[in-house]
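Peer 1:
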Amino acid sequence: MRLQFKILLIFTSVALLLGGPLLLTVRNAVRQILLKDVERRGVLSASSLAESASAGLAARREQALLPLLQSAQERAGAMYAEALGLSGEVLAHTNVTEKGKIYDDAATLEGLKALSPVTGSSEWRGSPVMLVSVPVWSAPKADVEEEFLLGGGEAPGRTRLGTVRLGLPLKEVFNTQRRLFRKIAAIVLMTAGIGLSLVLILMRRLLRPIKLLSRGTSQISRGEYGVSVPVLSKDELGRLAEDFNRMSRVLGETTVSKNFLGDVLSHMIDPLIVMTKDGVIRMVNQATIDLLGYAKEELEGRRAPILFVAKDKISDAAEQETLIGKGSVRNLELDFLTKTGVKVPVLFSSSTLKDTEGRPTGIIAVAKDMRERKKLEGAIRQSEKLSAVGQLAAGVAHEINNPLGVILGFAQAVVRRLQPNDPLELPLKSIEKEAVRCKGLVQDLLTFSRVSKIDREPLDVNRAVEGALSLVIAQARLTHVDVRKELAPDLPRILGNLNQIQQIIVNLANNALDAMGDAEGLLTFKTENLKEGPLSWVCLKVLDTGPGIPGEIQSRIFDPFFTTKPVGKGTGLGLSLVHEIIKKHSGTIDVESRPGRTEFCAKFPVRAAGLPISPANMAKS
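Numbering that gives the first Met the number 0 applies: residue 0 is where the sequence shown begins, and numbers increase by one.
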């Protein structure tokens with residue numbers, strides 16, 4: 000809001016705050032004066048009527064009272080006059096239709112009880128009236144009258160005969176009040192208008208130097224250094240204009256191209272951070288904002304720990320002193336922490352900022368995002384690990400398969416020849432059971448080592464899902480798990496092996512069913528066609544409502560022999576086999592998990608299927 004408008008708003012607010020109550024006070028005062036005048040005239044007329052009406056009231060004769068009431072009505076300008084008995088009955092009324100009625104309203108009852116003139120308010124035929132009630136007494140004895148006049152109130156020896164009342168119109172009073180109020184309000188508004196005009200004239204003179212300074216400031220903000228403003232006075236505003244001109248000249252002589260430097264920083268690929276020697280962030284570039292997900296205002300002014308994972312402690316006072324003491328640090332591996340709590344591995348380098356006297360003033364640091372490199376390294380390590388495990392699995396399986404078959408065969412033969420309740424039955428059946436489990440493990444090892452030896456052909460992933468579901472549904476029913484499928488129509492074919500794709504589905508399903516246990520849950524199979532630039536993928540998703548996979552082990556679930564299941568429940572080769580099959584199909588697999596929901600997403604390329612997967616693709620898995 001402009002300063003001129005603020006001053007006008009303040010002036011108007013003050014005028015309203017002062018003028019409003021003043022006008023209300025004047026209006027009420029005028030109203031009271033006018034009402035007091037009506038009341039005074041009414042009391043005089045009603046008191047005179049009371050003195051002359053005592054005889055008529057004593058006799059209760061309408062013929063004697065009516066002329067007196069009419070005369071009092073004319074003198075007072077009343078709308079009506081009436082004489083009331085002690086119980087509120089109308090003995091006489093200028094409006095003869097009221098004769099004989101009995102009034103019991105609050106105003107009448109108050110007038111009947113009062114020992115002196117009282118006033119009230121009411122309406123008569125839709126118009127406001129002031130009621131003036133005066134008691135009428137019988138004629139007093141001389142000494143009693145003197146005592147009454149001196150003491151007031153009800154005199155001893157006097158009898159109350161009734162009450163006379165006038166209804167004085169208030170409509171004209173209120174009209175007069177409104178006319179006076181409008182005139183007074185007009186005078187106040189005219190005065191306020193004149194005052195406002197004077198304030199506007201004064202403000203224009205006072206604000207002109209400020210407007211010139213504002214215009215000059217705007218020019219400097221646009222990079223027009225060296226501008227000056229006229230000095231119009233010798234007061235404080237004049238000195239302010241002189242200081243502004245001096246500042247503008249200094250900026251024009253010493254300021255380098257801030258825009259050029261800003262463009263350089265904002266277009267840097269790597270994050271750049273400038274901190275004070277106390278660890279307070281002074282500046283970050285756009286790359287830092289993009290990497291961490293913060294707004295610029297959320298970082299600048301905060302302390303350095305907001306950037307790092309707690310275990311790194313690079314922002315501790317001791318670490319800062321170490322950085323400053325070394326002068327520079329190169330290629331230090333750290334973890335940044337994004338706004339959403341995600342760790343980002345970076346290669347951190349820093350240098351100490353110094354003033355002209357060589358004293359440290361802060362730290363400037365750059366960081367290189369290492370996520371892609373870490374993924375590539377992980378993919379290479381995983382590939383080497385799986386290759387080594389495959390070679391080992393093939394050798395071990397061949398070496399132990401034959402002796403294991405002999406052990407299993409003899410164990411089964413002996414078990415068949417046992418007599419009931421033979422003491423060797425339990426140990427021999429245990430040998431048979433464990434030998435069968437070892438044979439299954441050997442078969443898994445052989446399968447793991449022969450993944451790349453299966454022929455591939457164009458196949459429909461939806462068909463593979465339908466075939467695998469027949470193996471999954473029966474087991475799901477035993478554990479009270481509902482199975483749902485959401486298969487995309489017109490799904491393009493991939494180049495793959497049907498048995499291996501179904502093995503992926505079954506292994507992922509078994510893993511999900513084991514995770515959900517005996518609790519009721521939902522197992523969902525989804526297929527969809529994805530477009531990523533020029534590439535087209537078929538995506539196979541397996542979702543479950545189990546407890547989820549803890550974050551600290553998600554990176555290990557595809558390692559051979561890694562399992563969280565109890566002994567005897569799993570070999571740790573199921574997900575490793577899934578990973579190896581997908582890899583041989585030039586695909587990728589991702590996992591997203593949180594409590595109550597886990598999703599595996601296997602992607603197979605629609606074209607160029609069967610080619611060895613690139614490190615870039617493997618990094619995604």
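Heads up, the beta-carbon is just placed ideally off N, CA and C, and yes, glycines get one too. None of the values given here were measured: they were computed from a predicted structure.
Apart from the five residues on each side of it in sequence, which residues of its chain come closer than 6 Å, Cβ to Cβ, to Ile500?
Peer 2: Ala463
Peer 1: Among all the DSSP beta bridges, which residues are the ones paired with Phe347?
Peer 2: Answer is Leu331, Ala366, bridged to Phe347.
Peer 1: Between Leu495 and Thr337, what straight-line distance do the alpha-carbon atoms span, to the nearest angstrom?
Peer 2: With the sequence shown as reference, residue 495 is identified as Gly, and Leu is not the correct amino acid for it. One Cα belongs to Gly495, the other to Thr337, and the distance between them is close to 39 Å.
Peer 1: Examine the Cβ distances between the region 364–371 and the region 332–346 and report whether three or more of them are shorter than 8 Å.
Peer 2: yes
Peer 1: Could you check if Lys312 is buried or exposed, using at least 16 other CB atoms within 10 Å of its CB as the buried criterion?
Peer 2: A caution first: Lys312 carries a pLDDT of 48, below 50, which makes its placement in the model unreliable, though a value can still be read off. Lys312 comes out exposed.
Peer 1: Using the Cα positions of Glu144 and Ala138, report the straight-line distance between them to the nearest angstrom.
Peer 2: Bear in mind that the predicted position of Glu144 carries a pLDDT of just 48, short of 50, making it too unreliable to give a figure here.
Peer 1: Between the Cα of Leu108 and the Cα atoms of Glu371, Thr162, Pro426, which residue gives the shortest distance?
Peer 2: Thr162
Peer 1: In chain order, what residues of the same chain have a beta carbon less than 7 Å from the beta carbon of Glu61, not counting five sequence neighbours either side?
Peer 2: Within the same chain, Glu61 has close Cβ partners Leu90, Ala91, Lys98.
Peer 1: Straight-line CA distance for Ser456 to Val605?
Peer 2: According to the sequence as given, residue 456 is Glu; it is not Ser. Answer to the nearest angstrom: the Cα atoms are 12 Å apart.
Peer 1: Thinking just about the alpha-carbon of each residue, which of Arg181, Ser217, Met515, Leu65 is nearest to the one in Ser227?
Peer 2: Ser217
Peer 1: Within its chain, find whatever has a CB closer than 8 Å to the CB of Gln239; leave out the 5 residues flanking it on each side and keep chain order.
Peer 2: The sequence as given places Leu at residue 239; Gln does not occur at that position. The residues are Pro208, Leu212.
Peer 1: Return helix, strand or coil for Met282, following the three-state DSSP convention.
Peer 2: strand
Peer 1: Can you give the Cα-Cα distance for Ile6 and Ile288, rounded to whole angstroms?
Peer 2: Approximately 42 Å between the Cα atoms of the pair.
Peer 1: Return the chain-ordered list of same chain residues with a C-beta closer than 7 Å to the C-beta of Thr11, the five sequence neighbours on each side being excluded.
Peer 2: none
Peer 1: What does a CB cutoff of less than 7 Å around Ala615 pick up in its chain, not counting 5 residues either side in sequence?
Peer 2: Low confidence applies here, because Ala615 scores a pLDDT of 40, under 50, leaving its location unreliable and the question unanswered by this model.
Peer 1: Can you tell me the Cα-Cα spacing of Leu507 and Val541, whole angstroms?
Peer 2: 7 Å
Peer 1: Measuring only the C-alpha atoms, how far is Ser196 from Arg203?
Peer 2: 11 Å
Peer 1: Around the C-beta of Met189, are 16 or more other C-beta atoms found within 10 angstroms, so that it is buried, or is it exposed?
Peer 2: exposed
Peer 1: Only counting the same chain, and skipping five residues up and downstream in sequence, which positions put a Cβ closer than 7 Å to that of Arg492?
Peer 2: Pro457, Leu458, Asp459
Peer 1: Enumerate in chain order the residues of its own chain whose CB-to-CB distance from Arg593 is below 6 Å, with the five nearest sequence positions on each side excluded.
Peer 2: Gly547
Peer 1: Would you report the Cα separation of Lys170 and Glu88, rounded to the nearest angstrom?
Peer 2: When rounded, the distance between both Cα atoms is 27 Å.
Peer 1: Put Gly586 into one of helix, strand or coil per three-state DSSP.
Peer 2: coil
Peer 1: Return the first residue and the last residue of the beta strand (DSSP E) that Arg483 is part of.
Peer 2: 480–485
Peer 1: Measure the alpha-carbon distance for His266 versus Val283 and round it to whole angstroms.
Peer 2: 12 Å
Peer 1: Could you tell me which whole alpha helix (DSSP H) segments of length 4 or greater appear in the region 223–250?
Peer 2: none
Peer 1: Do you know offhand how far Val133's Cα is from Val42's?
Peer 2: 8 Å
Peer 1: Which residue's Cα is closest to the Cα of Thr275: Lys295, Arg358, Leu205?
Peer 2: Arg358
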